[in-house]
Amino acid sequence: METLYAALPIIILIILMGVMKVSGDKSSVITLFITAFLALFAFNLSVPDTINSFLYGMLKALIPILFIILMAIYSYNVLLQTKKIEVLKQQFSAISVDKSVQVLLITWGFGGLLEGMAGFGTAVAIPAAILISLGFKPMFSAVVSLIANSVPTAFGAVGVPVIVLAQETGLPVIPLSTAVVLQLSVLMLLVPFVITFLADPRLKALPKNLLLSLSVGAVSLVAQYLAAHYIGAETPAIIGSIAAIIVIVLLGKLIDRGKEKPAGMSYSGGEIARAWMVYVLIMALVLVTSPLFPVIREALQSVLVSTVHITIRGEVKVYTIQWLIQGGVLLFIGSFVGGLIQGGKAGALLVLLWRSVVQLRKTIVTVICLVGFSSIMETSGMINQLAVALAAATGALYPLFAPMIGALGTFLTGSDTSANILFGKLQAGVAAHTGVDPTWLSAANTAGATGGKIISPQSIAIATSACDQQGQEGSILKAAIPYALAYVIIAGVVVYLFA
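Set out below in C-alpha cells:
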C-alpha cells in the first residue's frame, strides 16, 4: 500500500496533464495538495515538516530554476525588442536552408552548448524560441527541443550532475564520467537521427538525415569520450557540442551545394557581432565563473552570499545562494549589457524584464508546485519507497531497470543533479548486493536521468513558456512520452548488456 500511495502523485499528475489535458499550473497545484495529504496521513510526516519541505522546494524552484528560466526568456525577448533576432535568423539560414540542418544546429549543437555551460532550462527555452522565430510550429519546436535536451544534461552546467554523483557515492569522477558516455553512446547516434527525421520526415530525405545524424553523433561521442576520459566531468557537453556545431556547419554547406538560397538582407560584420552579443556575453560569463577557472570562481563565491535555514525532521537544511556565480544573474548581465550594445535603452530593457515576468506567471506557479511536491515526496520517503520497490521487484534484472530509477528522479525533480542526490547512493548500494560494478550502476542513474528530462513537467513548463503555449502542457507531454520511454529502454539494454 505504501508503494501505491507513493506512486499516486505521479499517476495523478500524468492523468491530469496527459489524459485530461488540464493545464500545467492547475495540474501541479492539485498534485501538490494530494501529495501533502498523503505525506501527512499515509507517511506520518508532521504538519511543520510538510510545510517546511514545501518551502525548501519553493526556494529551489525560485533560485536557480525559475530565475534562470526567466532570464533565458528575457535574453530572447531582448533580441526581439532590439530586432537583432532578424540578423540571427539570416545567420542560421546562411549556414543552410535545409530544415534538418537548421534544427540539428539549433537544438543539438547550440542547445547542447547552452546546456553544457548553463543548464537549468536554458537549452530548452532559447532553442525553442529561436526555432519559432525561424517559422517552425510551436508544438514541433517544444518537442524537438525537449528531445535534444537529453544526452547533454548528463554533463550540464559544467558537469555538476556527475560531480555530485561522485560526491554522493564516493566514486572517482573520471571513471564515472567515462561510464556515462559509454552508456549514452547508442543514444548519441539515435537522438540526432530522431531530430533530423522530425524536421524532415520525407523518405527521400532519409539518406541525408542518416549522413547528418551518424556524422554528428559519432563526432559528439568521440569528443565527449575523450573529454570525459582525460579531463573529467566539466567539459564533455561543451567540447562535444562545439565539435558537433563544426560538423553540422560543414555538412550544411555540402548539403546546400547546388541549391538556391533565398535572397536576404546583407549585414555588416559589426551588425552581426552586435546581434550575437547577448549570447556571447552569457557564454563568456558562465564559462569564466565555472569550475574551469577555479581562482575566479572561488573569489566570487565568498562575495554576496545569502543563506536560508529550514528545519525538516530535526535536520537544519542550509540553502546557500552565491549571487555572483548564480546562473540567473549571469544571464541577466549578459542580456542587459548585450541589449544596450544592440541599441536598447536601459529603461525599456527593465520594462521588458517585468513583461517577461508577467509572461511567465503560469510557469512560476507550475514550477513552484512541482518542485514543492517533489520535495515533500523526498522528505516523506515516497521517492525512496518507489526506488526500493523497483529494485526489489526486478532482482537479477536490476541493471536493465537501473536507468528507470534515474529517469524517475528527473521526472519528479526536473534535475539530473537532484536525481543523482536522490538515488546515487541507492544505485551504488544495490551494486554491492548484486556484484555489479558500482561505477557502472551509479553511472546508469545519470544515463536514465537524461531520458527522464524529456518528459519532466518542469522542462515541459519551460518549453510551453518559450513557445507561448501555456495550457498545452498535456499535449506536449503526450507527444514526448514515446521518445522518453524508448530512450530509457535503450539505456537500460546498454547498461544490462555490459553490466
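Residue numbers (my numbering): 266 to 764.
Cβ coordinates follow ideal geometry from the N, Cα and C atoms, glycine included.
- Here residue 331 is not near residue 315, since their CB atoms are 7 angstroms or more apart.
- In the DSSP assignment, residue 581 falls within the unbroken beta strand (DSSP E) covering 580-587.
- Contact annotation: the region 269-286 touches the region 642-653, with at least three C-beta pairs closer than 8 angstroms.
- Close CB contacts of residue 601 within its chain, under the 7 angstroms cut and outside five residues either way in sequence, are with 614 (chain order).
- Here the alpha carbon of residue 713 sits roughly 6 angstroms from the alpha carbon of residue 669.
- Residue 764 is positioned such that its CB atom lies no closer than 7 angstroms to that of residue 703.
- At the C-beta level, residue 378 and residue 506 come within 7 angstroms of one another.
- Excluding residues up to 5 positions away in sequence, 726 and 730 lie with their Cβ nearer than 6 angstroms to the Cβ of residue 628 in the same chain.
- Of the other Cβ atoms in all chains shown, fewer than 16 fall within 10 Å of the Cβ of residue 302; this residue is therefore exposed.
- According to the DSSP assignment, residue 571 belongs to the beta strand (DSSP E) that extends over 570-577.
- The C-alpha of residue 760 lies about 13 angstroms from the C-alpha of residue 441.
- Non-local C-beta neighbours of residue 611 in its own chain, meaning closer than 7 angstroms and more than five positions away in sequence, comprise 605, ordered along the chain.
- Taking 7 angstroms as the cut-off, the Cβ atoms of residue 547 and residue 593 do not count as close.
- Counting along the chain, the unbroken alpha helix (DSSP H) around residue 457 starts and ends at 450-464.
- Proximity of the region 559-573 to the region 397-405 falls short of the contact definition, fewer than three beta-carbon pairs being nearer than 8 angstroms.
- Look at residue 558 here: in three-state DSSP terms it is coil, with no helix or strand label.
- Under the three-state reduction of DSSP output, residue 628 falls in the helix class.
- When Cβ pairs closer than 8 angstroms are counted between the two stretches, the region 447-465 is seen to touch the region 408-424, the count reaching three or more.
- Within the model, the alpha-carbon separation for residue 362 versus residue 347 is close to 25 angstroms.
- Annotation: residue 434 to residue 617 spans about 44 angstroms, alpha carbon to alpha carbon.
- Inside the region 649-702, DSSP marks whole alpha helix (DSSP H) runs of 4 or more residues at positions 663-678 and 681-699, from first to last along the chain.
- Residue 607 sits in coil when the DSSP states are folded into three classes, being neither helix nor strand.
- Contact between the region 281-300 and the region 342-357 is not established, with fewer than three Cβ pairs separated by less than 8 angstroms.
- When C-alpha distances from residue 451 are compared across 485, 424, 469 and 422, the shortest belongs to 485.
- Per DSSP, residue 316 is one residue of the alpha helix (DSSP H) stretching across 312-325.
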